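Undergrad:
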Amino acid sequence: MYQYNDFDTAFLAQRNKQFRAQVERRIAGNLTEDEFKPLRLMNGLYLQLHAYMLRVAIPYGTLNSAQMDTLALLAEKWDKGYGHFTTRQNIQYNWPKLSDVPDMLDALAKVGMHAIQTSGNTIRNVTADHFAGAAADELEDPRPVAELIRQWSTDHPEFQFMGRKFKIAVGAAQKDRAVLKAHDLAVRIVQNDAGEIGYEILVGGGLGRTPMIGKVINEFVAREDLLAYIEAVVSVWNQIGRRDNKYKARIKITVHEHGLDDIRARVAERFAQIRPTFTGADQKLFADIKAHFAAPDFRKAPTVEFETAYNANPLFRSWVDTNLSGHRAEGYAIVTVSIKKHGETPGDATAEQMRTLAELARKYGHDELRISHEQNVILPHVHKSDLTAVYTALREAELHTANIGLVSDIIACPGMDYCALATARSIPVAQQIATRFDELKLEHDIGHLQIKISGCINACGHHHVGHIGILGLDRAGVENYQITLGGDATETAAIGERAGPGFAYDEIVPAIERLVNGYLELREGPQETFLESYRRLGLAPFKAYLYPEAQANAA
Amino acid sequence: MPRAFTPKVVTANALIEGDVIYLTSQDSWTREMCDAELMTDEAHAQLRLLEASQQVDVVVGAYLADATASDKGPQPTHFREEFRRTGPSNYFHGKQAVASQDGSTL
Ligand code: SF4
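First to last, the sequence lines map onto chains F and Y. Numbering of the first sequence is given in my numbering, commencing with residue 1 and proceeding in unit increments. Numbering of the second sequence is given in my numbering, commencing with residue 1001 and proceeding in unit increments.
#1: When you get a sec, list the residues whose CB is within less than 6 Å of any heavy atom of the ligand SF4, chain order please.
#2: Compute the beta-carbon to beta-carbon distance between V1009 of chain Y and L1038 of chain Y, rounded to the nearest angstrom, for a pair I have assumed lies under 8 Å.
#3: Give every residue of the same chain whose Cβ lies closer than 7 Å to the Cβ of Q191 of chain F, excluding the five residues on either side of it in the sequence, and list them in chain order.
#4: Expressed to the nearest angstrom, what Euclidean distance is found between the alpha-carbon atoms of E374 of chain F and D1035 of chain Y?
#5: Under 8 Å Cβ-Cβ, which residues of chain B neighbour Y418 of chain F?
#6: For the candidate residues F:R475, F:V335, F:I433, whose alpha-carbon lies nearest to that of L394 of chain F?
#7: Can you tell me which of Y:D1057, Y:Q1054, Y:A1067 puts its alpha carbon nearest to the alpha carbon of R1080 of chain Y?
#8: Just to check my reading of the structure: R275 of chain F and A228 of chain F have Cβ atoms closer than 8 Å, yes? What is that Cβ distance to the nearest angstrom?
#9: What residues from chain Y crowd round G29 of chain F, counting only those whose CB sits closer than 8 Å?
#10: Please name the residue in Y:V1020, Y:Q1054, Y:L1064 whose C-alpha comes closest to that of G1087 of chain Y.
#11: Applying the 10 Å Cβ sphere with the 16-neighbour rule, what's the burial state of H292 of chain F?
#12: At 9 Å on the CB atoms, spell out the chain Y contacts of K452 of chain F, in chain order.
#13: Can at least three beta-carbon pairs, one atom from the segment 348-363 of chain F and one from the segment 429-438 of chain F, be found at a separation below 8 Å?
#14: My output table needs one value for D282 of chain F: the three-state DSSP class, helix, strand or coil.
#15: Can at least three beta-carbon pairs, one atom from the segment 352-368 of chain F and one from the segment 268-284 of chain F, be found at a separation below 8 Å?
#16: Return no unless some Cβ of chain Y is closer than 9 Å to the Cβ of H478 of chain F.
#17: Are the C-beta atoms of Y1063 of chain Y and some chain F residue less than 9 Å apart?
#18: Beta-carbon of N5 of chain F versus every beta-carbon of chain Y: anything under 9 Å?
#19: Just to confirm my understanding: we take S426 of chain F, look at its own chain, exclude 5 residues before and 5 after, and list those with CB closer than 7 Å. What are they?
#20: Check the Cβ-Cβ distances between F19 of chain F and every residue of chain Y, and say whether any is below 9 Å.
#21: With L54 of chain F and M113 of chain F assumed to form a contact (beta carbons below 8 Å), what rounded beta-carbon distance in angstroms separates them?
#22: Can you list the alpha helix (DSSP H) stretches of 4 or more residues lying completely in the segment 102-170 of chain F, in chain order?
#23: Using a Cβ-Cβ cut-off of less than 7 Å, list which residues of the segment 403-429 of chain F approach chain Y; keep chain order.
#24: Along chain Y, in chain order, which residues have C-beta atoms closer than 7 Å to that of K341 of chain F?
#25: Do G171 of chain F and A182 of chain F have their C-beta atoms within less than 9 Å of each other?
#26: Using a Cβ-Cβ cutoff of less than 8 Å, which residues in the same chain neighbour T1077 of chain Y once the five nearest sequence positions on both sides are dropped?
#27: To the nearest whole angstrom, what separates the beta carbons of Y418 of chain F and N94 of chain F, a pair I think is in contact under 8 Å?
#28: Could you name the residues that DSSP lists as bridge partners for P1076 of chain Y?
#29: Comparing C-alpha positions only, which one of F:G502, F:F159, F:E497, F:E491 sits nearest to N480 of chain F?
#30: Between the C-alpha atoms of G466 of chain F and L406 of chain F, what's the straight-line distance to the nearest angstrom?
#31: Using a Cβ cut-off of 7 Å, which residues of the segment 30-63 of chain F contact any Cβ in chain Y, in chain order?
#32: Would you say Y1091 of chain Y faces chain F, with C-beta separation under 9 Å as the test?
#33: With H, G and I counted as helix, E and B as strand and the rest as coil, what does DSSP make of G347 of chain F?
#34: Which whole runs of the alpha helix (DSSP H) in the segment 322-390 of chain F are 4 residues long or more, in chain order?
#35: Along the beta strand (DSSP E) that carries H84 of chain F, what are the first and last residues, could you check?
#36: Just mark G1103 of chain Y as buried or exposed, buried being the case when its beta carbon has 16 or more other beta carbons within 10 Å.
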């Protein structure tokens, strides 16, 4: 993975020193909150309902064991012993004191981490496929491109004060695991008929108040043109994007209002202007970056022990079947560690759990970890002969839940338990749904089903693209939950359809249970997933399960 | 027709800790909503908010929150303020975890 050079280290030290001075001036009363707020936001520091919140960037979700150990240290020393992994592959601390934040940032800098551009109207932390570098179905590792974009966008003078934030994701596989089509801009690494590698560029995706699926603006951008092309897109939007209304400021609205062809033409024109200014330094940099991401030395070893354990231990088998994915190297597996133990807060890991994960990465995982936008942690390179040891260690840390992709593997944003923008809670809804389906012992039977919950229209919990989406609202002073169905976060992305009237806080879990039971009755067999049934049958039959009374009244 | 003024408290977050605080009638800040000053007069409430907002080295983001009178002091009327004065529902953290002590003013 990428290692900071002297320039990066010096840059970060300088930024942290600046911010320390700003915090001191704020505490001394020499800066007002109005003056300080943009400065703290530039450094990832928010003020939430009960405390400050520090959002630390984990670029494209990749980190090593020393970094994970540092995240544990922050949780223990300056927070309440845990951290929250987010849908942008970042981590948030919910309880830091303002006066401690400079020390937290210094601790992060020691392992090449920071909180820059995790907030504000800038280009945010670049996300990527969380199986990058390990997936059997990828064309190449997308992280060098993500790192190139990160370096180009960090402190980019033209893009520090835009009309709104701008989110970029990168993927390189057949399957889209990075929700590419819900990003302002997405880069998909592709191969053309001549066998050359290049980039398909999508723009105008996004969730929030007006959800939109990203559209292809360019089918093939040559390798050496990538940064100039992205810069042209951001630059065109930065110039013509709306600044009169925050809800219409994202590029999805610009694309919608101007039309894709108009934007494409403007980008082409801008690209022609700026392309000559990219004189090849970026390509040299890219070559350097690539060297940082060389694949680990995969080893060869017998896997008999694994097979014996798989056949002998049903719990281990269930975990293997549910939480492992195909690796590109023979004898290896990708392990997704569930941070969704039934009844716990999705995405929350304690300091001890983080240390266990760091230790496992060191011992069995070529020192690599990933955070997924689904709020789980990944050990991307584990040899099968080590899986029993990994499983045993995970069990001891209560990290062995076998539920990846199942009904209890829920995405939930912090909602009104923490977030100042929330209109309702999301965490307890997720906890109750997971607990309920665990009691029913049905989830393996139900199969692949993604529930995603947001505590307000901003949609950090990706509810629009959940097979079942839940949106918490404030209806006349009480929490109310709206359900959408049929959303899809993958290469076949779709925005879910609103099912009907919302449910009160104490009605939402029973409603979900009715809905899922309905699916079990409607499906053609266990091989047909919830989403497939929904696509085959449409909304109507599912609605009948959600609103049985309306059905009875109509009859 | 202008809406009738409903009783309010001045609330904010503390500058250093970031936690929820309320303005008392004694001009101090308390961490307990029940000790806050409940204001029923709009002009007075606006004035108190202005005074509170000027304390830039103590508080952040002061605003008026709806509250009702009770024999235990002001109580929230909206669930958001209920969470703010209690803490999150997934962990026993925040206000609910801090044993309420007398004189927990800033
Ligand atoms: S969706 Fe709303 S409530 Fe949830 S984290 Fe985002 S802004 Fe906060």
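Built from N, CA and C at the ideal position, the CB exists for glycine as well. Since we're looking at a predicted model, the values are computed, not measured.
TA: In short:
#1: F:C413, F:P414, F:G415, F:C419, F:L421, F:A422, F:S454, F:G455, F:C456, F:N458, F:A459, F:C460, F:G461
#2: 6 Å
#3: L139, I197
#4: 42 Å
#5: Absent from the structure: chain B. Protein chains present are F and Y.
#6: F:V335
#7: Y:A1067
#8: 5 Å
#9: V1056, D1057
#10: Y:V1020
#11: exposed
#12: Those within 9 Å of K452 of chain F in chain Y number zero; the least Cβ separation is about 18 Å.
#13: no
#14: helix
#15: no
#16: Checking the sequence, you will find Val at residue 478 of chain F rather than His. Closer than 9 Å: yes.
#17: no
#18: no
#19: A412, C413, G415, I453, S454, G455, G461, G472
#20: no
#21: Wrong, their Cβ atoms sit about 11 Å apart, outside the cutoff.
#22: 143-153
#23: M416, D417, Y418, R425, I427, P428
#24: Under the 7 Å cutoff, chain Y gives no residues; its nearest Cβ is about 13 Å from K341 of chain F.
#25: no
#26: T1006, D1066, A1067, T1068
#27: 6 Å
#28: Y:A1067
#29: F:G502
#30: 12 Å
#31: T32, E33, L47, L49, H50, A51, Y52
#32: yes
#33: coil
#34: 351-364
#35: 82-85
#36: Bear in mind that the predicted position of G1103 of chain Y carries a pLDDT of just 44, short of 50, making it unreliable; the figure below should be weighed with that in mind. G1103 of chain Y should be labelled exposed.
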